[in-house]
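Q:
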Amino acid sequence: MAVGKLTFTKAEREKLAEVLWMLNWISVVTGAILLSLGVFLKVEIQKWQEVMSEHGIHYVPNTLITTGLAACCINFLGGKICLDCTDTNKFLRWKLVMMPYVICTFFFTSCVLMGALMCYIIRSQLEESLLLGLRNAMRYYKDTDTPGRCYLKKTLDLLQIQFQCCGNSGYRDWFQVQWISNRYLDMTSSLVVDRLRSNVEGRYLMDGVPFSCCSTLSPRPCIQYHISNTSAHFNYDQQSQQLNLWRRGCRQALMDHYTGIMQSIGLTVLLIWLFELLVLTGVRYLQTAMENVIRLGDPDSESDGWILENSLAETARSNFNIIKNLGKCYQVDDDDPNINVPTATTEQEVPSRQVQIPVTS
Amino acid sequence: MRLLKMKFTQQRQVRLAQGLWLLSWLAVMCGIFVFFLGLYLKAELLRRAEVMDNSEIHVVPNILMMVGLASIGTNWVASRVCQDSLDMSRFPRWKAFLLAWFVVATLLCFLLLTVVVLSYALQGSLEESLKVGLRNGIRFYKDTDVPGRCFQKETIDHLQMEFRCCGNNNFRDWFEVQWVSNRYLDFTSKDIKDRIRSNVDGRYLLDGVPFSCCNPASPRPCLQYRLTDNSAHHSYDYQSEELNLYNRGCRKALIDYYMGLMNSTGPGVLSVILIQMSVVLSLRYLQTAVEGSLALEDPEGDSEGYILEKGLKETFEDLKVKVLTFLKFGQVDPSTAQDSPEASDPEKASDNTTGKAASTTPAS
Chain A
1 MAVGKLTFTK
11 AEREKLAEVL
21 WMLNWISVVT
31 GAILLSLGVF
41 LKVEIQKWQE
51 VMSEHGIHYV
61 PNTLITTGLA
71 ACCINFLGGK
81 ICLDCTDTNK
91 FLRWKLVMMP
101 YVICTFFFTS
111 CVLMGALMCY
121 IIRSQLEESL
131 LLGLRNAMRY
141 YKDTDTPGRC
151 YLKKTLDLLQ
161 IQFQCCGNSG
171 YRDWFQVQWI
181 SNRYLDMTSS
191 LVVDRLRSNV
201 EGRYLMDGVP
211 FSCCSTLSPR
221 PCIQYHISNT
231 SAHFNYDQQS
241 QQLNLWRRGC
251 RQALMDHYTG
261 IMQSIGLTVL
271 LIWLFELLVL
281 TGVRYLQTAM
291 ENVIRLGDPD
301 SESDGWILEN
311 SLAETARSNF
321 NIIKNLGKCY
331 QVDDDDPNIN
341 VPTATTEQEV
351 PSRQVQIPVT
361 S
Chain B
1 MRLLKMKFTQ
11 QRQVRLAQGL
21 WLLSWLAVMC
31 GIFVFFLGLY
41 LKAELLRRAE
51 VMDNSEIHVV
61 PNILMMVGLA
71 SIGTNWVASR
81 VCQDSLDMSR
91 FPRWKAFLLA
101 WFVVATLLCF
111 LLLTVVVLSY
121 ALQGSLEESL
131 KVGLRNGIRF
141 YKDTDVPGRC
151 FQKETIDHLQ
161 MEFRCCGNNN
171 FRDWFEVQWV
181 SNRYLDFTSK
191 DIKDRIRSNV
201 DGRYLLDGVP
211 FSCCNPASPR
221 PCLQYRLTDN
231 SAHHSYDYQS
241 EELNLYNRGC
251 RKALIDYYMG
261 LMNSTGPGVL
271 SVILIQMSVV
281 LSLRYLQTAV
291 EGSLALEDPE
301 GDSEGYILEK
311 GLKETFEDLK
321 VKVLTFLKFG
331 QVDPSTAQDS
341 PEASDPEKAS
351 DNTTGKAAST
361 TPAS
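The listed protein sequences derive, respectively, from chains A and B. Using the UniProt record's numbering, read the first sequence as starting at 1 and increasing by one per residue. Using the UniProt record's numbering, read the second sequence as starting at 1 and increasing by one per residue.
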């Protein structure tokens, strides 16, 4: 009982081959699109890599890039094969390659699906990575003289300016971090010494933020220091406080940015996956139809095409048996007549006769 | 003596027509390119229109857009002429039209050349415009409550951060302007009262800059206020501090940006001029060759193609005579004026009679 059985006349077979040839070429283009999407995502992640603590997110663009390249190659080959399938003689060239090709394409199509799903599942990992990465970046903001960390200040400032955000969850994160290096603190000043002494770990903490947190929408010049002290500034009303700094946290800003990109990429990849599935189905029908034509012997006759020769359960069982037998290849085979199998009659032992060998002198 | 003449066999004519058809479609693409270039330039200029005082520089993108559109139409016509040149019955209807086409096409090339020249010549005007515009922007920075000026603060902040610049010429421009609004100054404070009193116009000037002047590449947190006072900050020297704020002035930054844009479009525009000129010349050759073969009885025979029928000087003389005759149609014709009252023009009548007398005496 074949799955999805259809009958194809000669003309229908040729039409199918032509249509598939065109679809394969379109698939090459979609493969190139997939590749470019992967490259775009990689570049976007690379830009703000310094505020991410781990680089596991690189799996997503890498998968997209490899599947894109694979798509171009596989569909290019598929185009050639389908073009040759219009003629029964030329098909014989590809006869042995067809089955492996279909299996390869099936696996590749599932890779595309995986790539699409990864775009959606990676979200939580990204959030974790950004939380840790931003916390470290803020901690090392002041270390512009330490090799390996000297550009963190610039990166974080540019991030806050571009994404219009401040701190990890909000601007108050800056109050918990010493972001002014000791090099620029006047240790002889009593104010500075008092502040340092009042902190358990000897850090210089203050209710101030870097200049990059300043909002351009504020009607008044930016208030960076003594933010919590409303009496320190003249006419520092509720509205001034709301508009003064960026309210959003940078983690949220980056999450929104990357989620938006990955959702649109994921949607595009899903559409490409559906298209590839369509092409795969067509190629499978073409393969089975051509093989049946050759089996029938008459190139002009009608032939059947199917997705699976037997039902799903039977195919699964036969494949399983094949795999099982592959493993048995190196074991002893019970049916081999050349090997002595102990039966009930051999309980009588046949005594061995000594053979006299005449000794020639 | 024909200028730059070339022999054209029938096959060569066909080749020329085909080549020119392709070239004219290429020229249509170039026209589209020029149009979008003009559009892009205009969009970029409009984006910063708030810090520009006048819009003289807008003539460059305007001409580019006009020329782009005109050249699309002109070159499309050229491609139609090429198609018809292969068919002897359809070509003659373009005859009268072609002279006008040549004039328009040469005018377009000339306009493109002027655009290239203007983009350099108008640099001074752009500089003036930016100088005044930025000065006003800095002056009205504090007026976030005045309608019509309330967005100046945001504009200037965005500009300084995007172009990494500060002030008009440099950051000291901010020292000469009150950029903190009176609404946020505590007039009961002694410091503020002293400062205002020390200034002639009663303005609150300080040696500080807005936050948008801060340079993120600086190793230390940004110092915005009391910049000239070395003792106000630990380990700080006003004279040698280079990384704290942006050193560039916004006027220079913007001019560099716009000149860079126009310079990079220069080679593109020059190659478009070249393509257009080659279309003009090729079409002239095609026109003369086809007209020549039409004049001959044998349509398959050879004909000559040339740029000008007579030499350059002779063509110029011919043109001068034509123009003068055209202008003379507006003047009074002397032979027809004899019927009109001679009293109104006695000198002319006596001239005529003396002329006639002079002409008759030698005969007798």
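Where is the CB? At the ideal position from N, CA and C, for every residue including glycine. Quick caveat, the model's predicted, so the values are computed rather than measured.
1) Determine the contact status of Phe8/A and Ala289/A, defining contact as a CB-CB distance below 7 Å.
2) Decide if Thr230/A is buried, meaning its Cβ has at least 16 other Cβ atoms within 10 Å, or exposed.
3) Find the residues of chain A that neighbour Val180/B, judging by a C-beta separation of less than 7 Å, and give them in chain order.
4) Just confirm the distance between the C-beta atoms of Tyr285/B and Met6/B, as a whole number of angstroms; I'd bet it's less than 8 Å.
5) Among Val269/B, Ala121/B, Leu205/B, Val280/B, which one has its Cα closest to the Cα of Asp173/B?
6) What is the DSSP secondary structure of Arg249/B, counted as helix, strand or coil?
7) Leu34/A: beta carbon under 6 Å from a heavy atom of the ligand HEM?
8) Under the three-state reduction of DSSP, which class applies to Gly305/A: helix, strand or coil?
9) Counting only Cβ pairs nearer than 7 Å, list the residues of chain B close to Lys154/A.
10) Between Thr315/B and Leu23/B, what straight-line distance do the alpha-carbon atoms span, to the nearest angstrom?
11) Taking DSSP as the reference, what is the three-state secondary structure of Val192/A?
12) Please confirm whether Cys222/B has its beta-carbon closer than 7 Å to some beta-carbon of chain A.
13) Going residue by residue through the segment 160-220 of chain A, where are the continuous alpha helix (DSSP H) segments of at least 4 residues, counting only ones entirely within it?
14) Please report the residue range of the beta strand (DSSP E) in which Glu44/A lies.
15) Mind checking Tyr59/A: buried by the 16 CB within 10 Å criterion, or exposed?
16) For Pro210/B, does the count of other Cβ atoms within 10 angstroms reach 16, so buried, or fall short, so exposed?
17) Could you name the residues of chain A that Pro210/B contacts, counting a contact when the two beta carbons are closer than 7 Å?
18) Assign Leu274/A to one of three DSSP states: helix, strand, or coil.
19) Determine the extent of the alpha helix (DSSP H) in which Ser85/B is found, giving its start and end residues.
20) Glu201/A to Leu130/A, Cα distance in whole Å?
21) Could you check the C-alpha separation between Lys310/B and Glu304/B for me, to the nearest Å?
22) Closest to Gln224/A by C-alpha separation, out of Asp145/A, Tyr236/A, His233/A, Phe211/A, would be which residue?
23) Alpha carbons only, please: which of Asn169/B, Leu254/B, Cys109/B, Thr9/B is nearest the one belonging to Leu126/B?
24) Against chain A, with Cβ distances strictly below 7 Å, would His234/B count as a contact?
25) In terms of residue numbering, what span does the beta strand (DSSP E) encompassing Glu242/B cover?
26) At which residues does the alpha helix (DSSP H) containing Ser124/A begin and terminate?
27) In the segment 41-62 of chain B, which residues sit with their C-beta less than 7 Å from some C-beta in chain A, listed in chain order?
28) Determine whether the beta carbon atoms of Pro61/B and Gly31/B lie at a separation below 7 Å.
29) Excluding the 5 residues preceding and the 5 following Lys5/A in the sequence, name in chain order all residues of the same chain whose CB lies nearer than 8 Å to its CB.
30) Which whole-angstrom value describes the C-beta separation of Asn168/B and Arg195/B, a residue pair presumed to lie in contact below a C-beta threshold of 8 Å?
31) In terms of residue numbering, what span does the alpha helix (DSSP H) encompassing His151/B cover?
32) Expressed to the nearest angstrom, what Euclidean distance is found between the alpha-carbon atoms of Tyr154/A and Met161/B?
33) Between which two residues does the alpha helix (DSSP H) holding Met88/B run?
34) In terms of alpha-carbon separation, which member of Leu254/A, Asn319/A, Thr268/A lies closest to Trp48/A?
35) Suppose only complete runs of 4+ residues qualify. What are the alpha helix (DSSP H) ranges in the segment 220-279 of chain A, listed by chain order?
36) Which residues in the same chain have their Cβ closer than 6 Å to the Cβ of Arg248/B, if we skip the five residues on either side of it in sequence?
A: Reading it off the structure:
1) Locating residue 8/A in the first sequence gives position 8, where the first residue counts as 1. Locating residue 289/A in the first sequence gives position 289, where the first residue counts as 1. Here Phe8/A is near Ala289/A, since their CB atoms are less than 7 Å apart.
2) Locating residue 230/A in the first sequence gives position 230, counting from the first residue. Result: exposed.
3) What you label residue 180/B is simply residue 180 of the second sequence in a count that begins at 1. Chain A residues near Val180/B: Pro221.
4) Start at 1 with the first residue of the second sequence, and residue 285/B comes out as number 285. Start at 1 with the first residue of the second sequence, and residue 6/B comes out as number 6. Contact flag correct, Cβ pair sits at about 7 Å.
5) Position 173 of the second sequence, counted from the start, is the residue given in the question as residue 173/B. In terms of CA proximity to Asp173/B, Leu205/B leads the group Val269/B, Ala121/B, Leu205/B, Val280/B.
6) Here residue 249/B is taken as the residue at index 249 of the second sequence, counted from 1. What sits at residue 249/B in the sequence shown is Gly, not Arg. Three-state result, Gly249/B: coil.
7) In terms of ligand content, the structure shown is empty, and the ligand HEM therefore cannot be addressed.
8) Indexing the first sequence from 1 puts residue 305/A at position 305. In this structure, Gly305/A counts as strand in the three-state DSSP scheme.
9) Sequence index remark: in the first sequence, residue 154/A carries index 154 (1-based). Going along chain B in sequence order, the residues near Lys154/A (Cβ under 7 Å) are Pro216, Ala217.
10) Taking the first residue of the second sequence as 1, we reach residue 315/B at position 315. Taking the first residue of the second sequence as 1, we reach residue 23/B at position 23. Straight-line Cα distance between these residues: approximately 28 Å.
11) As a working note, residue 192/A is residue 192 in the first sequence. In the three-state reduction of the DSSP assignment, Val192/A falls in the helix class, which pools H, G and I.
12) Against the second sequence, residue 222/B aligns to sequence position 222. Yes, its Cβ sits closer than 7 Å to a Cβ of chain A.
13) 190-198
14) Start at 1 with the first residue of the first sequence, and residue 44/A comes out as number 44. Glu44/A -> not in any beta strand (DSSP E); alpha helix (DSSP H) instead, spanning 10-47.
15) Position 59 of the first sequence, counted from the start, is the residue given in the question as residue 59/A. Per the 10 Å Cβ criterion, exposed.
16) To locate residue 210/B, count along the second sequence from 1; it is residue 210. Within a 10 Å sphere around the beta-carbon of Pro210/B sit 16 or more other beta-carbons, which makes this residue buried.
17) For the purposes of this step, residue 210/B is identified with residue 210 of the second sequence, where counting begins at 1. Ordered by position in chain A, the residues that pass the 7 Å Cβ test against Pro210/B are Pro221.
18) Position 274 of the first sequence, counted from the first residue, corresponds to residue 274/A. Correct three-state label for Leu274/A: helix.
19) Within the second sequence, numbered from 1, the residue matching residue 85/B stands at position 85. Ser85/B -> alpha helix (DSSP H) spans 59-85.
20) As a first step, residue 201/A is located in the first sequence; it is residue number 201 there, counting from the start. As a first step, residue 130/A is located in the first sequence; it is residue number 130 there, counting from the start. When rounded, the distance between both Cα atoms is 26 Å.
21) Counting from one through the second sequence, the residue named residue 310/B turns up at place 310. Counting from one through the second sequence, the residue named residue 304/B turns up at place 304. Lys310/B and Glu304/B: Cα-Cα distance of roughly 13 Å.
22) In the first sequence, counting from the first residue as 1, residue 224/A sits at position 224. Here the closest residue by C-alpha is Phe211/A.
23) Working through the second sequence from its first residue, we reach residue 126/B at position 126. Looking at the Cα atoms, Leu254/B is the closest of the given residues.
24) As a first step, residue 234/B is located in the second sequence; it is residue number 234 there, counting from the start. Chain A, which has a Cβ nearer than 7 Å to the Cβ of His234/B, makes this yes.
25) Position 242 of the second sequence, counted from the start, is the residue given in the question as residue 242/B. Per DSSP, Glu242/B belongs to no beta strand (DSSP E) and is neither H nor E.
26) Counting from one through the first sequence, the residue named residue 124/A turns up at place 124. Unbroken alpha helix (DSSP H) run through Ser124/A: 123-139.
27) Here the close residues number zero.
28) Here residue 61/B is taken as the residue at index 61 of the second sequence, counted from 1. Here residue 31/B is taken as the residue at index 31 of the second sequence, counted from 1. No.
29) Here residue 5/A refers to the residue found at position 5 of the first sequence. Here the set comprises Asp304, Gly305, Trp306.
30) Translated into positions along the second sequence, residue 168/B becomes position 168. Translated into positions along the second sequence, residue 195/B becomes position 195. Not a contact, Cβ separation roughly 23 Å.
31) What you label residue 151/B is simply residue 151 of the second sequence in a count that begins at 1. In the sequence on display, residue 151/B carries Phe and not His. Segment: none, Phe151/B is in no alpha helix (DSSP H) and carries neither H nor E.
32) Against the first sequence, residue 154/A aligns to sequence position 154. Against the second sequence, residue 161/B aligns to sequence position 161. Sequence check: residue 154/A is Lys here, not Tyr. Those two C-alpha atoms are separated by around 13 Å.
33) Taking the second sequence and counting its residues from 1, the one referred to as residue 88/B is at position 88. No alpha helix (DSSP H) contains Met88/B, which DSSP labels as neither H nor E.
34) Along the first sequence, one-based indexing puts residue 48/A at 48. Trp48/A has its Cα closest to that of Leu254/A, out of Leu254/A, Asn319/A, Thr268/A.
35) 238-244
36) Within the second sequence, the letter at position 248 stands for residue 248/B. Answer for Arg248/B: Cys165, listed in chain order.
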